[in-house]
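S.K.: So the protein lines, in turn, are chains A and B.
Position in the first sequence (first residue = 1) + 8 = the working numbering.
Position in the second sequence (first residue = 1) + 8 = the working numbering.
So that we are looking at the same thing, I have put the structure below in structure tokens.
Number of protein chains: 2
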Amino acid sequence: MSLIILGSVAFDALETPFGKTDKIVGGAASYAALAASYLYKDVKIVGVVGEDFGESNLSKFTKRNIDISGIQIKTGEKSFFWSGRYHNDMNTRDTLVTELNVLGSFDPIIPSNYQDAQYILLGNLSPQVQITALKRLKKRPKLTVLDTMNFWMDIALDDLKKVLKEVDVLAINDEEARQLSGQYALVRAAEEILNMGPKYLIIKKGEHGALLFGEGKIFSAPALPLAEVFDPTGAGDTFAGGFIGYLAKRDIVDFQHMKSAIIYGSALASFCVEKFGTERIENLQDEDIAARINQFSALTAFDI
Amino acid sequence: MSLIILGSVAFDALETPFGKTDKIVGGAASYAALAASYLYKDVKIVGVVGEDFGESNLSKFTKRNIDISGIQIKTGEKSFFWSGRYHNDMNTRDTLVTELNVLGSFDPIIPSNYQDAQYILLGNLSPQVQITALKRLKKRPKLTVLDTMNFWMDIALDDLKKVLKEVDVLAINDEEARQLSGQYALVRAAEEILNMGPKYLIIKKGEHGALLFGEGKIFSAPALPLAEVFDPTGAGDTFAGGFIGYLAKRDIVDFQHMKSAIIYGSALASFCVEKFGTERIENLQDEDIAARINQFSALTAFDI
């Protein structure tokens, strides 16, 4: 049994009010796989990089015992590169550069030792690539989680709707839920979206936490109120990785366990934003994670 | 022992995407007192109305056993009147009409039978009137809660800062917390504001719930995800009334009880928005309130 994380493995260059970086490791699969690796022991990436990515960057994954045999390395080509600048509120950003490079022709190959996967996260990527990856799995996994964004709703909505029919859980933010459903109230948006295929919907609300809809129930998870968000890049991917990593570890897929999975995902995301890129989630201690989970409990407990 | 609610008792005319009203009962004290009356038996209003307000409108309070001997009735004058139109998102609104009328010269009189009050809510009003009311209490209450808004930060900041030094709890929304503190991150905003006088700060975030800061702790309360907000007018006042009503009933003032008080305030506010004006909170059943409180528990409970 294993957990597959499909998504970009890439370079980012970031500017925030706190500073800027050169090219550092980024990409949805990078964040999600690192996050999942703290909760589950058999995490496998499917992705593609160029020759420029290099051994030392790949070792960030192998150090965490993440299987990278599904990462294709394209000789003579360059890795996907994104550069962005965050505004002072840290909630909005401008894209400065997007170079698709190897991602433009990405054909996701599932190695044979990945075929026992019971859990798969379709990280943010073109819906066409997500569909292809799913088709190449010989056995339908126990749980398929889809992370996507408004960009794909704008340019590939039909393909996205095809993916939606094949997944168990969709994770998007509140604006994206409104865009996808055409409904303003999130309860109504969730009703519409759950009719499109997924059995569960997670609506990520950034500093306001997250909502889980499914089985006719709703769960409201808080975000940890943070004094400082140093770099929000990858927080959503980290959340998704923590979410599916927790479920793979527990190996029970129901509303109750998804509630806990959201708390674990949120806790890991709260570390992610403390430093640039993947830096903070490359070296977490189990005690740090446990302490943060306890903070979430203290934050929400009340007597009636 | 009793609970004093100071604030406007007024007429509103409202337009929402769902319809519009003629002049109906509005005002911070109206909402807050009605809400508090479901949790505590001895609620007393301090306010002022014109001759136009009329017996039948005052009876909305007396039916709920609310003491109105502190509501001055100004012969030959008119009640405060506000008219507004909500946008489709129900989060923003335009003011169409504001007629101060009796509120322009409001001199809050505390009847002698109010002087045993242990709890007081300084509802949204000019800081000068709030200070005057506090000064006219012969004994400092056990708990003073202040509700205010950006309007007073814009035009009467110095007076507002004087009130802040005299209160135990401040309730404002997230944008107001940022304006008052000059800090964007709410954790930092709370630190600044708690240095201005209040021992506790509630930050109301509308559909995203509320945060409570104090005693070095943070509590995050959810809002009930609603399919329909019919009319948001008075939700914040209802919240504040429910909050202080619960504390007056329990008669214990600490962080733990304030957490529960926020849940009760939120539950009452979730009823308020279901109909125009005060209509829904004029006739609540205890069972309805209990059921809604249970919904809040179910919404946030998780195992770790």
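Positions of the beta carbon are idealized from the N, C-alpha and C atoms, including for glycine.
1) Please list the partners that His216/A has in chain B, where partner means a Cβ-to-Cβ separation under 7 Å.
2) Closer than 6 Å by C-beta to Gln126/B: which residues in its own chain qualify, once you throw out the five before and the five after it? Chain order, please.
3) By the three-class DSSP mapping on this structure, what secondary structure does Tyr272/A have?
4) Listing by chain order, which chain A residues have their CB less than 7 Å from the CB of Thr308/B?
5) Taking the straight line between their C-alpha atoms, what separation do you get for Thr308/A and Ala231/A?
6) Is the stretch 212–222 of chain B close to the stretch 265–279 of chain B, with three or more CB pairs under 8 Å?
7) Looking at chain B, is there any beta carbon in it that lies within less than 8 Å of the beta carbon of Ala235/A?
8) Could you check what DSSP says for Ser134/B in three-state terms: helix, strand or coil?
9) State the Cα-Cα distance for the pair Ile289/A and Ala243/B, rounded to the nearest angstrom.
10) Return helix, strand or coil for Ser228/B, following the three-state DSSP convention.
11) Going along the chain, which residues of its own chain have a beta-carbon closer than 7 Å to the beta-carbon of Arg186/A, five neighbours each way excluded?
12) Quick check: is the beta carbon of Arg93/B nearer than 8 Å to any beta carbon in chain A?
13) Comparing the C-beta of Ser305/B with each C-beta of chain A, is any distance below 8 Å?
14) Using a Cβ cut-off of 8 Å (strictly closer), state whether Ala185/A contacts chain B.
15) In this structure, how does DSSP classify Phe284/A when only helix, strand and coil are distinguished?
16) Please list, in chain order, the residues of the stretch 106–119 of chain A that have any C-beta partner in chain B closer than 7 Å.
17) Under 7 Å Cβ to Cβ from Leu292/A, same chain only, skipping five residues before and after it: list those, please.
18) Check the DSSP bridge columns for Glu290/A and list the partner residues they point to.
19) From Tyr48/B to Thr140/B, what does the alpha carbon distance come to, in whole angstroms?
20) Which of helix, strand or coil does DSSP assign to Ile297/B?
21) Short of 6 Å in beta carbon distance, which residues of its chain neighbour Lys31/A, apart from the five on each side in sequence? Order them along the chain.
22) Could you spell out the range, first to last residue, of the alpha helix (DSSP H) harbouring Glu63/A?
23) Name the chain A residues that come within less than 9 Å of Ser278/B, Cβ to Cβ?
24) Anyone know if the C-beta pair for Gly58/B and Ala37/B falls short of 8 Å?
25) Is any beta-carbon of chain A found at less than 8 Å from that of Ile312/B?
26) Can you tell me whether Ala256/A is buried or exposed, with buried defined as 16 or more other CB within 10 angstroms of its CB?
27) Kindly list, in the order they appear in chain A, the residues whose Cβ is closer than 9 Å to that of Tyr192/B.
28) Assuming Ala269/A and Gly131/A are in contact, meaning their beta carbons sit under 8 Å apart, how far apart are those beta carbons, in whole angstroms?
29) Counting only the same chain and skipping the five closest in sequence on each side, list residues whose C-beta sits under 6 Å from that of Met157/A.
30) Would you say Ile74/B and Val153/B are within 8 Å of each other, going by their C-beta atoms?
31) I want to verify the contact list: residues of chain B whose CB lies under 7 Å from the CB of Arg196/A, in sequence order.
32) Which of the residues in the stretch 257–269 of chain B, read from start to end, lie with their CB under 8 Å from any CB of chain A?
33) Taking only runs of the alpha helix (DSSP H) that begin and end inside the stretch 175–217 of chain B, which ones reach a length of at least 4 residues, in chain order?
34) Look up Asp155/A in the DSSP assignment and give the residues it is bridged to.
35) Would you tell me roughly how many angstroms separate the C-alpha atoms of Ile13/A and Leu111/A, rounded to the nearest one?
36) Quick check on the DSSP output: the alpha helix (DSSP H) that includes Gly244/B runs from which residue to which?
M.R.: Taking the coordinates as given:
1) Lys213, His216
2) Excluding residues within five positions, the ones whose Cβ falls inside 6 Å are Met9, Pro149, Lys150.
3) helix
4) Ser228, Thr308
5) Roughly 10 Å separates the two Cα atoms.
6) Yes: at least three Cβ pairs fall under 8 Å.
7) yes
8) coil
9) 41 Å
10) Note: Ser228/B maps to strand in three-state DSSP.
11) Tyr192, Ala197
12) no
13) For Ser305/B, the nearest beta carbon of chain A is closer than 8 Å to its own beta carbon.
14) Ala185/A has a beta carbon lying at 8 Å or more from every beta carbon in chain B.
15) coil
16) none
17) Cβ contact annotation for Leu292/A (same chain, cutoff 7 Å, sequence separation greater than five): Tyr46, Phe279, in chain order.
18) Answer by DSSP bridge pairing: none, since Glu290/A is not bridged.
19) 25 Å
20) helix
21) Phe19, Ala21
22) 63–70
23) In chain order: nothing, as chain A lies at least about 12 Å away.
24) no
25) yes
26) buried
27) Ordered by position in chain A, the residues that pass the 9 Å Cβ test against Tyr192/B are Asn96, Asp97, Met98.
28) That pair is no contact at about 16 Å.
29) Asn132
30) no
31) Ala235
32) Gln264, Lys267, Ser268
33) 182–189, 194–202
34) Ala179/A
35) 16 Å
36) 243–258
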